[in-house]
Amino acid sequence: MSARLTELSAEFGLVERALGDPAALADPREYARLTRRHRELLPLVTLLRERDSVQADLDGARELLGDPDMRELAASEIPPLEARLKDIEAELVLLLLPTDPDDAKDVILELRAGAGGAEAGLFVMDLLRMYTRYVEGAGLRLNVLDANESDLGGASRVVAEVTGDGAFRALRWERGVHRVQRVPATESQGRIHTSTVTVAVLPEAEAAEVQLDLSEVRIDVFRSQGAGGQGVNTTDSAVRAVYRAGTPDEIMVVCQDGRSQIKNREKALVVLASRLAERERAAREERERSQRAAQVGSGDRSEKIRTYNYPQNRVTDHRLEGEGKNHPLDSVIAGNLAPVVAALARAQRELQLMDMQRQEGQHGAA
Numbered sequence: 011m012s013a014r015l016t017e018l019s020a021e022f023g024l025v026e027r028a029l030g031d032p033a034a035l036a037d038p039r040e041y042a043r044l045t046r047r048h049r050e051l052l053p054l055v056t057l058l059r060e061r062d063s064v065q066a067d068l069d070g071a072r073e074l075l076g077d078p079d080m081r082e083l084a085a086s087e088i089p090p091l092e093a094r095l096k097d098i099e100a101e102l103v104l105l106l107l108p109t110d111p112d113d114a115k116d117v118i119l120e121l122r123a124g125a126g127g128a129e130a131g132l133f134v135m136d137l138l139r140m141y142t143r144y145v146e147g148a149g150l151r152l153n154v155l156d157a158n159e160s161d162l163g164g165a166s167r168v169v170a171e172v173t174g175d176g177a178f179r180a181l182r183w184e185r186g187v188h189r190v191q192r193v194p195a196t197e198s199q200g201r202i203h204t205s206t207v208t209v210a211v212l213p214e215a216e217a218a219e220v221q222l223d224l225s226e227v228r229i230d231v232f233r234s235q236g237a238g239g240q241g242v243n244t245t246d247s248a249v250r251a252v253y254r255a256g257t258p259d260e261i262m263v264v265c266q267d268g269r270s271q272i273k274n275r276e277k278a279l280v281v282l283a284s285r286l287a288e289r290e291r292a293a294r295e296e297r298e299r300s301q302r303a304a305q306v307g308s309g310d311r312s313e314k315i316r317t318y319n320y321p322q323n324r325v326t327d328h329r330l331e332g333e334g335k336n337h338p339l340d341s342v343i344a345g346n347l348a349p350v351v352a353a354l355a356r357a358q359r360e361l362q363l364m365d366m367q368r369q370e371g372q373h374g375a376a
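Take a look at the structure:
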């Protein structure tokens, strides 16, 4: 651990110096990368500096134990210094746990109605409103790129972009199947129906991540469509991008967010690249699944991750255990997802710590 901390502290110094280099200022992408890395390392370096300061104070207090005039004062200072040093060491261990390299990226959020017909479509829009409130509260921004809306106020599919620092970190736990149990407005007998919505969270792919051959992409333009009003354009600005049309690898993306065909085309290609990157990640994770002991859930889109039970005003996250898996539905659906996300992140850290200790034990035994 000591060697890793020394390495990261040295990296922080290099990043700080690089940020002052005019060459970095002239390259927006490199400057953004350096700024992001500086922000990631700052909490760790701040703790390291505090640890050194506390250790120096503790060493000084222990030396004073030999001074009859200062012994009593030194003895009273030592316990809180030792306690703080222990807390800092524990915090440093947590900061050294692996993080997802995609955490800081923007996100493509896709909601698709599953089982349940019109009721599933209505729940798509409920989840969209929940996510909109949640990300706004986290200082992020959600922008709908495409939606297949119905006259009943639901949607079979919604594709949105979530932008801002830490967008993927905020939404990474939402991947999977969300199940809702409630009495639909159209149900005259008061029977509870079960419907599902599939949520995909795709970190936006960077240019170096995936090679998108534009010769394999067919671009169509058409007039925007929607339920009416401002959702319908009067120009052919909507864009459909189809990757390897007619093959088993086909991926179709539609973007009709803005009135600019050029901007819609650019955004459609970003979504397409992100889907390709997600496909590659899923295949890689499937191969490595047996080695991923420190993961909460698989994130697979076919996995039921959460149930929203309206009659009991309860949201149950099936990746958690005990009472920590249940949360008040009225609060969660209003956008207060933070407690659920915090519980999932805490569970993952606990598993990572257990995995780290197991590996250290194996290393020590060897």
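Those letters in the sequence shown? Residues 11 to 376, by the numbering used here.
Cβ atoms here follow ideal geometry from the backbone N, Cα and C, with glycine treated the same way.
These numbers come from a predicted model, not from an experiment.
Residue i vs residue j beta-carbon contact at 8 Å
i           : j           : result
residue 169 : residue 281 : yes
residue 278 : residue 251 : yes
residue 167 : residue 122 : yes
residue 266 : residue 234 : yes
residue 3   : residue 212 : Absent from the structure is residue 3, since the part of the chain shown begins at 11 and ends at 376.
residue 37  : residue 114 : no
residue 187 : residue 181 : no
residue 131 : residue 165 : yes
residue 292 : residue 206 : no
residue 284 : residue 214 : yes
residue 314 : residue 189 : yes
residue 183 : residue 351 : yes
residue 140 : residue 163 : no
residue 40  : residue 98  : no
residue 231 : residue 255 : no
residue 14  : residue 106 : yes
residue 84  : residue 74  : yes
residue 290 : residue 220 : yes
residue 348 : residue 330 : no
residue 226 : residue 253 : yes
residue 222 : residue 286 : yes
residue 137 : residue 95  : no
residue 377 : residue 178 : Because the chain spans 11 through 376 in this model, residue 377 falls outside it and cannot be assessed.
residue 71  : residue 91  : yes
residue 44  : residue 34  : yes
residue 185 : residue 203 : no
Which residues DSSP lists as bridging residue i, in chain order
i           : result
residue 262 : 252
residue 336 : 326
residue 232 : 248
residue 314 : 187
residue 192 : 203
residue 378 : The shown model of the chain, from 11 to 376, leaves out residue 378, and the question about it has no answer.
Terminal residues of the beta strand (DSSP E) in which residue i lies
i           : result
residue 173 : 165 to 173
residue 210 : 203 to 213
Boundaries (first-last residue) of the alpha helix (DSSP H) holding residue i
i           : result
residue 12  : 12 to 29
residue 269 : Residue 269 -> no alpha helix (DSSP H), and no H or E assigned at all.
residue 224 : Element bounds for residue 224: n/a, residue is neither H nor E.
residue 182 : Counting along the chain, residue 182 falls outside any alpha helix (DSSP H), and DSSP gives it neither H nor E.
Subject >> Minimum length 4: unbroken alpha helix (DSSP H) runs contained in the segment 94 to 162 >> reply: 128 to 147
**OP:** Quick one: which unbroken alpha helix (DSSP H) runs of 4-plus residues sit fully inside the segment 36 to 64? Chain order, please.
**Re:** none
Original post:
Can you find at least 3 beta carbon pairs, one from the segment 319 to 327 and one from the segment 337 to 346, that sit closer than 8 Å?
Top reply: yes
Original post:
Is the number of C-beta pairs between the segment 13 to 22 and the segment 49 to 63 that are closer than 8 Å three or more?
Top reply: yes
Original post:
Three or more C-beta pairs closer than 8 Å, one from the segment 19 to 35 and one from the segment 67 to 85: is that the case here?
Top reply: no
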